[in-house]
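Numbering (the working numbering), first residue to last: 113 to 597.
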Amino acid sequence: MRGIMIQGTSSDVGKSMICTAFCRIFSDEGFEVAPFKSQNMSNNSYVTILGEEIGRAQGVQAEAARVLATVDMNPILLKPESGMKSQVILFGKKLETMDGMDYRAQFYEKGLKAIDQALANLAQDFTHLVIEGAGSPAEVNLNDREIVNMTVAKRANVPVILVADIERGGVFASIIGTLALIPEKQRVKGLIINKFRGDVQLFEEGIRFLESYTGIPVLGVIPHMDRHEIEQEDSLGVQAVQQISRVEHAIELVVCKHPYMSNFTDIEPFLKEPDITIRWAETVADIGHPDILLLPGTKSTIADLRYWKQQKLGAKLSELYGNTWIVGLCGGFQLFAETLTDPKGYDGTAVENEEGFSLIPSMHVEFQKQKMVRRQRGTVKFEHAEVEVAGYEIHHGKVTASAYPLMHCGDNGEGYFHNRLLGTHLHGFFQDLHCRTAFLAPIRRQKNLPIPSPEVVKDPFDRWAGHVKSHLDWEKVIEIMEADQ
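Printed below as a string of structure tokens:
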């Protein structure tokens with residue numbers, strides 16, 4: 113099995129997005145390609161068709177490669193919780209919760225075996241892999257037991273392309289410093305300069321310097337692309353999930369920024385709506401009187417509930433109720449309950465009976481050991497439209513049945529929808545353009561904004577892949593991948 117590994121000079125240089133582009137380009141060219149990341153750390157997971165969790169980036173990359181996502185594409189997923197601990201998800205299922213020191217000391221050998229098993233499984237179905245590294249490969253304090261960068265490149269026997277982000281400055285030092293510190297430097301066969309702004313011709317001297325100094329070819333300089341409309345994964349991307357609309361009387365959407373927020377990608381679809389201003393609220397004073405107040409998912413519902421209680425959010429919700437559209441997603445939905453019970457601490461904080469914000473009468477949440485992980489599909493009746501919606505659930509909390517279910521999934525009701533209060537456990541609820549348009553329609557009518565007709569737009573994967581490929585020496589990329597290591 114052949115492949116190529118994308119590593120970066122630091123976090124958030126664009127490794128995931130470059131891998132996504134490579135997956136789509138290789139798929140377009142007829143390669144049997146799959147994404148792979150040995151270990152991912154993210155609160156934003158992706159649920160496979162078998163109800164297993166992997167990193168959201170690898171799920172998105174599988175979609176770009178036009179293949180079904182499997183646990184072998186991301187055998188180890190770490191989901192941070194409160195108290196410096198993380199859930200360890202091994203091959204899609206929760207193994208245990210560990211702190212960083214215990215994980216480093218106890219999981220190394222098990223992690224290597226999982227990586228080897230996953231690579232062997234993928235080799236049975238695919239001829240090529242696009243492998244994503246994590247953070248920086250030059251973390252000298254961690255490299256003796258790392259299982260995400262050069263260790264993976266060596267076990268998979270693939271070449272490495274190093275990506276650097278020029279937007280944040282220091283690109284020459286970051287590349288040269290990384291190459292000076294990493295083991296297996298000889299595996300680095302190409303460099304990519306990402307997120308460039310301005311005239312690329314101004315960087316030609318920089319390319320000549322890098323190639324002369326390092327002896328490694330610069331494969332391309334990728335210009336920054338606004339609104340690629342492909343989901344980002346990490347909280348580093350939160351800064352991008354905000355916008356100021358230039359439309360007069362625009363819809364104002366305020367998102368509560370929980371201390372332990374997760375799945376912020378649920379908000380990203382609203383970036384596609386030019387008549388919406390999106391901003392974040394870390395305190396009740398930041399909320400104001402928006403058209404929509406959205407409480408996203410959380411990795412520690414009780415801890416975030418207590419944070420917002422200190423902020424007096426309950427009084428603010430009572431003030432807004434019935435006028436502002438209040439939306440709760442997964443953990444944010446659970447905050448609407450009268451009571452939350454978690455005597456065993458499955459959510460991270462043991463509590464016999466915690467009062468919620470009581471927006472939904474007779475709603476109670478009981479946290480259970482068995483995590484609910486599944487895909488769901490149901491029908492939602494909005495004011496002037498009935499829409500079929502698909503998404504996925506990932507939560508420990510079991511919620512009592514609602515008198516006003518948002519949707520019906522088979523014979524069962526899910527969520528809550530009444531008097532401008534909407535709650536659901538379904539992640540990806542607003543991804544569907546028809547659902548989003550139907551939800552926003554009454555708000556647009558109230559503000560005398562035009563209601564757009566849902567239109568089919570160009571596949572964002574195709575658009576992004578075309579952008580990347582047009583600025584790369586793609587023949588050289590193929591040559592590097594197919595060469596013997």
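Backbone N, C-alpha and C fix where the C-beta goes; we use that ideal spot for every residue, glycine too.
Since the structure is predicted, the reported quantities are computational estimates derived from the model, not experimental observations.
Rounded to whole angstroms, what is the Cα-Cα separation between residue i and residue j?
i, j, result
"Leu162", "Val485", "9 Å"
"Ala497", "Ala550", "6 Å"
"His539", "Thr491", "15 Å"
"Lys483", "Pro192", "16 Å"
"Thr410", "Glu431", "23 Å"
"Glu316", "Pro371", "43 Å"
"Leu348", "Thr377", "The pLDDT assigned to Leu348 is 44, lower than 50, so where the model puts this residue is not dependable; a value taken from the coordinates is nonetheless given after this. For Leu348 and Thr377, the distance between alpha carbons rounds to 12 Å."
"Ser128", "Ser474", "43 Å"
"Pro415", "Val300", "The sequence as given places Ala at residue 415; Pro does not occur at that position. Spanning the two alpha carbons is a distance of roughly 43 Å."
"Asp124", "Phe321", "24 Å"
"Gly212", "Ala462", "21 Å"
"Gln355", "Gln218", "43 Å"
"Asp398", "Thr453", "29 Å"
"Ala449", "Glu394", "21 Å"
"Ser324", "Leu234", "37 Å"
"Asn261", "Thr326", "20 Å"
"Val359", "Asp571", "25 Å"
"Tyr215", "Ala362", "47 Å"
"Gly468", "His507", "17 Å"
"Ile319", "Gly578", "22 Å"
"Gln480", "Ser412", "14 Å"
"Ala515", "Gly245", "47 Å"
"Lys421", "Ala292", "49 Å"
"Asn255", "Thr451", "46 Å"
"Phe573", "Arg168", "15 Å"
"Val499", "Ser139", "32 Å"
Once you ignore the five residues that flank residue i on each side, which residues in its own chain have a CB closer than 6 Å to its CB?
i, result
"Val439", "Leu406 and Leu534"
"Met210", "Val200"
"Leu425", "Val396"
"Ile294", "Pro249 and Ala250"
"Gly247", "Ser123"
"Gln423", "Thr395 and Val396"
Excluding the five sequence neighbours on either side, which residues of its own chain have a C-beta within less than 8 Å of the C-beta of residue i, listed in chain order?
i, result
"Ala553", "Phe494, Glu495, His496, Ala497 and Ile563"
"Phe532", "It is worth fixing the name first, because residue 532 is Arg in this sequence and not Phe. Closer than 8 Å at Cβ, skipping near neighbours: Tyr433, Gly434, Asn435, Thr436, Trp437 and Ile438."
"Glu526", "Gln488, Gly490, Pro517, Leu518, Met519, His520, Thr536, His537 and Leu538"
"Glu594", "Arg114"
"Glu144", "Asp237, Phe238, Thr239 and His240"
"Phe382", "Leu365, Ile388, Ile390, Phe542 and Arg548"
"Gly223", "Ser150, Gln151, Ile188 and Ile259"
"Glu591", "none"
"Tyr419", "His370 and Pro371"
What residues in its chain sit with their C-beta under 7 Å from that of residue i, if we drop five residues either side in the sequence?
i, result
"Gly126", "Val275, Asp277, Asn306 and Lys307"
"Glu279", "Lys307, Arg309 and His336"
"Asp585", "Leu331 and Gly332"
"Gly171", "Tyr158 and Ala181"
"Ile227", "Ser150, Pro187, Ile259, Val264 and Arg267"
"Ser357", "Pro386, Asp387, Ile388 and Thr389"
Cβ atoms of residue j and residue i: under 7 Å apart, would you say?
i, j, result
"Ile342", "Trp576", "yes"
"Cys442", "Val501", "no"
"Gly460", "Pro408", "no"
"His240", "Gly142", "no"
"Ile555", "Asp403", "yes"
"Ile390", "Leu365", "yes"
"Leu545", "Phe529", "no"
"Ile137", "Lys581", "yes"
"Pro455", "Glu466", "no"
"Gly509", "Gln446", "yes"
"Leu189", "Glu221", "no"
"Val270", "Met117", "yes"
"Ala146", "Val179", "yes"
"Ala177", "Cys131", "no"
"Gln119", "Val272", "yes"
"Pro329", "Gly289", "no"
Using the rule of at least 16 other Cβ atoms within 10 Å of the residue's Cβ for burial, across every protein chain shown, is residue i buried or exposed?
i, result
"Leu314", "exposed"
"Lys428", "buried"
"Arg257", "exposed"
"Ser198", "buried"
"Asn375", "buried"
"Thr512", "exposed"
"Ser565", "exposed"
"Gln558", "exposed"
"Gly204", "buried"
Is the Cβ of residue i closer than 7 Å to any Cβ of chain B?
i, result
"Thr451", "As a matter of chain content, chain B is missing from the structure shown, which is built from one protein chain."
> Taking three-plus beta-carbon pairs below 8 Å as touching, is the stretch 148-161 in contact with the stretch 318-336?
Replying inline: The answer is no - the stretch 318-336 does not touch the stretch 148-161, with fewer than three Cβ pairs under 8 Å.
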